[in-house]
Structure formats: structure tokens, C-alpha cells
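Structure record follows, encoded as C-alpha cells.
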Amino acid sequence: MTDQPVTLAVIIGAHGVTGEVRLKLFGEGVDTLKSYRSFDAAGRTLTLKSVRPGPNGAVARFAEVGDRGLAESLRGTELTVPRSALPELGEGEYYHADLIGLPCFSSEGEALGNLVAVENFGAGDIIEVERPGIDGKGGKRFMAPMHAVTLADGRAVIEAAFAA
Numbered sequence: 001m002t003d004q005p006v007t008l009a010v011i012i013g014a015h016g017v018t019g020e021v022r023l024k025l026f027g028e029g030v031d032t033l034k035s036y037r038s039f040d041a042a043g044r045t046l047t048l049k050s051v052r053p054g055p056n057g058a059v060a061r062f063a064e065v066g067d068r069g070l071a072e073s074l075r076g077t078e079l080t081v082p083r084s085a086l087p088e089l090g091e092g093e094y095y096h097a098d099l100i101g102l103p104c105f106s107s108e109g110e111a112l113g114n115l116v117a118v119e120n121f122g123a124g125d126i127i128e129v130e131r132p133g134i135d136g137k138g139g140k141r142f143m144a145p146m147h148a149v150t151l152a153d154g155r156a157v158i159e160a161a162f163a164a
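Per full-length UniProt numbering, residue 1 is the first one in the sequence shown, and the count goes up by one each step.
Rendered as C-alpha cells:
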């Protein structure tokens, strides 16, 4: 496991005139953010003063952001923490960030490529796998439902029926 940054939220705009920002959340909700004092925001540190549920996510106040203009200029900024700052997980649980880059194989042993994304469109997690490309360019991609994937020994094994 590397200590790569993990995105917990993204600033989607200003809220009011005093520097609060609206956040799109990628974690378990507002309470998840409360357990972190600060975030990396595109190379700068933002210190969390408060956060509460808001429209389509959350509303947060950071010590370094005191007016609407600065809040609006941060639109699109990802709020990250190091992977090592995330809580430990139980047996069978995983963080999406830990899966990105895993080599993927079919249940019959065929090398399929690398896991490049984990998506959830409402019916459960789906992994996206990129097949090897030609001349250093990325190859074609396919998706498989997470229920058809076994994670073990630093790799993902996909049931052959889903390994298109």
C-alpha cells in the first residue's frame, strides 16, 4: 500500500458571502470529514473549522477562506488526505483507492489488464479494467460487477463469464 492522496470531497462552489464552501462528498458523509483537521487542496492546506450537511453534500468553513471570492476560486478543488490517515478496515472491506492499479485476471488465468476505476451507479460497485494497449497507449476498457471479483494476493480475479 502506498501513501497516495485519497480524495474525500471536492469543492463545488461558494455558499453565502462569508467564505463557506459547498462540498460534494465521496465518503460516508459529513461525520467522516469531521475526523480530519486539515486537507490538502491542490498543494495548499485547508484547516477545517466546521462542516454540516448541505444541499447535495455538505457546507464547510475553512480557516484560510474568509470571503466569497476566495471560496468561489476554489471551485473544483479536491480535498485529499494521505491514505495512511484513513481508518483501518475490517475483514473483506476495501478502499477504492487500494484497488486502483491492481492487475486483473480471469478465473481461468488469462491476464486481462489493470483495474483503473471503481464506479457505483446505484446497484453496487462496478470495476473498470483497461486491457494492455499498443505502443504505450491505453487499451480498450470493460466493466465487471464487484460481486464477480475476488480480491487476493494483490490482484483481482474476475469470473470468466464477466471477463469480456
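All C-beta atoms in this analysis are idealised placements derived from N, C-alpha and C, irrespective of residue type, glycine included. Because the structure is a prediction, the values reported are computed rather than measured.
Just verifying my parser: in three-state terms, what is the DSSP assignment at residue i?
i	result
residue 107	coil
residue 26	coil
residue 62	strand
residue 39	strand
residue 32	helix
residue 67	coil
residue 83	helix
Skipping 5 residues on each side, what residues in its chain have a beta carbon closer than 8 Å to that of residue i?
i	result
residue 128	115, 116, 117, 118, 119, 141, 142 and 143
residue 55	22
How big is the Cα-Cα spacing for residue i and residue j?
i	j	result
residue 12	residue 125	24 Å
residue 41	residue 86	17 Å
residue 145	residue 68	42 Å
residue 103	residue 48	37 Å
residue 98	residue 121	20 Å
residue 62	residue 37	10 Å
So residue i and residue j are in contact, right, with Cβ under 8 Å, and what is the actual spacing, rounded?
i	j	result
residue 8	residue 58	Not quite, the Cβ-Cβ distance comes to about 10 Å (not below 8 Å), so this is no contact.
residue 33	residue 51	5 Å
By Cβ distance, which residues of its chain are closer than 6 Å to residue i, with the 5 residues on each side in sequence left out?
i	result
residue 71	14, 19, 21 and 65
residue 163	106 and 112
residue 156	102, 104, 115 and 149
Looking only at its chain, what residues have a beta carbon closer than 7 Å to the beta carbon of residue i, apart from the 5 residues adjacent to it on each side?
i	result
residue 161	none
residue 139	113, 130, 131, 132 and 133
residue 94	151
Per DSSP, which residues does residue i bridge with? Please list them.
i	result
residue 165	Here the chain has residues from 1 to 164 only, and residue 165 is not among them.
residue 10	24 and 78
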